[in-house]
Amino acid sequence: MQMTTQAVVIGTRNIEEEDRLLTLLSRDLGVIHAYAKGANRMKSRLAPTTELLCYSSFVLFKNKDRYTVDHADSLNLFFGLRQDVEKLSLATYFAELTATVAPQSEGAEDFLRLLLNTLFLLEKGKRSADFLKPVFELRALTLAGYMPNLVACRSCGRYEAGPMTLLLTDGELLCAECLAQDEPDTWKRVPLPEGVLAAMRHILYSPLERLFQFGLSQEGLRSLGSVTERYLLEQTEKNYATLDFYKSLR
38 MQMTTQAVVI
48 GTRNIEEEDR
58 LLTLLSRDLG
68 VIHAYAKGAN
78 RMKSRLAPTT
88 ELLCYSSFVL
98 FKNKDRYTVD
108 HADSLNLFFG
118 LRQDVEKLSL
128 ATYFAELTAT
138 VAPQSEGAED
148 FLRLLLNTLF
158 LLEKGKRSAD
168 FLKPVFELRA
178 LTLAGYMPNL
188 VACRSCGRYE
198 AGPMTLLLTD
208 GELLCAECLA
218 QDEPDTWKRV
228 PLPEGVLAAM
238 RHILYSPLER
248 LFQFGLSQEG
258 LRSLGSVTER
268 YLLEQTEKNY
278 ATLDFYKSLR
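Printed below as a string of structure tokens:
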């Protein structure tokens, strides 16, 4: 069966010398694996469109549960990301995270839009890496079903009650008064400054068109980035080699 789908390459692995096994985030199919025969040949028509982070329109053949790339037309190669090692390393982390949490073999329109918008803003320098990393992490987790409940304190139900604390395992809030009574595991909680909590609520609940439209000080962004990263690692229970490499460059 032949089909056409728009997808971003979020993973590649060489098969012998000439072929590639691609991990694709497809608009219609979610995360799938596709075999690209001859893609490693210098003159292959598939070579540029099957590189990591390339966004292309793929013509695929499906045989049982296996996909093979017949043809691909580039839609955005994100060439600018490849000219900056820090941007490229962060984008590669986004790809690994997407491959981990995005749905398999079902539509992933929202994931694809999130990834494309984030890569575009990163490539063009319209938003800083310190801004985009926590936004992508928290929104991707939300789409994947790991959305924390940041509406109110889980015990007393207050929306605003002074300093709030995020419980990393449960994904819920506790106000200062309830925290003193609850005493959860110290290592599994993180305080949320007021501005950081407001930013997290924006990331969770705003439509995609407004997702990147908020401001936070550099100190606030550092705090936000620390919180979202800790929440991500706790929820997915995985270490990301691409994240470690990105952090080694900072």
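Start counting at 1 in the sequence shown, then tack on 37, and there's your number in the working numbering.
The beta carbon of each residue, even a glycine, is placed where N, CA and C say it ideally should be.
Nothing here was measured: the structure is a model prediction, and the numbers come from that model.
Continuous beta strand (DSSP E) stretch holding residue i: start and end
i, result
"residue 71", "67 to 73"
"residue 189", "186 to 190"
Cβ-Cβ distance between residue i and residue j below 9 angstroms
i, j, result
"residue 185", "residue 228", "no"
"residue 96", "residue 41", "yes"
"residue 148", "residue 62", "yes"
"residue 268", "residue 178", "yes"
"residue 247", "residue 167", "no"
"residue 134", "residue 277", "yes"
"residue 65", "residue 162", "no"
"residue 107", "residue 43", "no"
"residue 279", "residue 129", "yes"
"residue 169", "residue 127", "yes"
"residue 192", "residue 211", "yes"
"residue 214", "residue 198", "yes"
Own chain partners of residue i with C-beta closer than 6 angstroms, once the 5 adjacent residues on each side are dropped
i, result
"residue 74", "56"
"residue 261", "171, 233, 236"
"residue 290", "This structure leaves residue 290 out entirely; the chain is present only between 38 and 287."
"residue 196", "189"
"residue 81", "75"
"residue 98", "39, 105, 107"
Residue range of the unbroken alpha helix (DSSP H) whose run includes residue i
i, result
"residue 167", "166 to 180"
"residue 149", "146 to 161"
"residue 109", "From DSSP, residue 109 is part of no alpha helix (DSSP H) but of the beta strand (DSSP E) over 103 to 113."
"residue 214", "213 to 219"
"residue 196", "Counting along the chain, residue 196 falls outside any alpha helix (DSSP H), and DSSP gives it neither H nor E."
"residue 234", "231 to 242"
Residue nearest to residue i in terms of C-alpha spacing, selected from the options
i, options, result
"residue 239", "172, 191, 182, 193", "172"
"residue 252", "259, 80, 236, 265", "236"
"residue 94", "46, 79, 231", "46"
"residue 136", "287, 70, 53", "70"
"residue 324", "187, 84, 285", "The displayed coordinates of the chain run from 38 to 287. Any statement about residue 324 would go beyond what the structure contains."
"residue 159", "274, 181, 249", "249"
"residue 77", "50, 208, 280", "50"
"residue 207", "197, 218, 214, 225", "225"
"residue 205", "84, 271, 127, 59", "271"
"residue 90", "190, 146, 197, 118", "118"
"residue 102", "72, 183, 54, 287", "72"
"residue 174", "263, 197, 244, 230", "263"
"residue 150", "211, 275, 244", "244"
"residue 230", "156, 287, 254", "254"
"residue 152", "165, 132, 164", "132"
"residue 190", "98, 219, 80, 157", "219"
Simplified DSSP assignment, three categories, for residue i
i, result
"residue 225", "helix"
"residue 39", "strand"
"residue 62", "strand"
"residue 44", "strand"
"residue 124", "helix"
"residue 284", "helix"
"residue 267", "helix"
"residue 10", "Nothing in the structure corresponds to residue 10, since the chain is present only between 38 and 287."
"residue 130", "helix"
"residue 94", "strand"
"residue 259", "helix"
"residue 137", "helix"
"residue 78", "coil"
"residue 203", "strand"
"residue 209", "strand"
Close Cβ partners of residue i (< 8 angstroms) along its chain, the five nearest in sequence each way excluded
i, result
"residue 110", "86, 93, 94"
"residue 68", "47, 60, 61, 62, 135, 136, 139, 140, 141, 142, 145"
"residue 84", "76, 77, 78"
"residue 88", "46, 49, 114"
"residue 165", "258"
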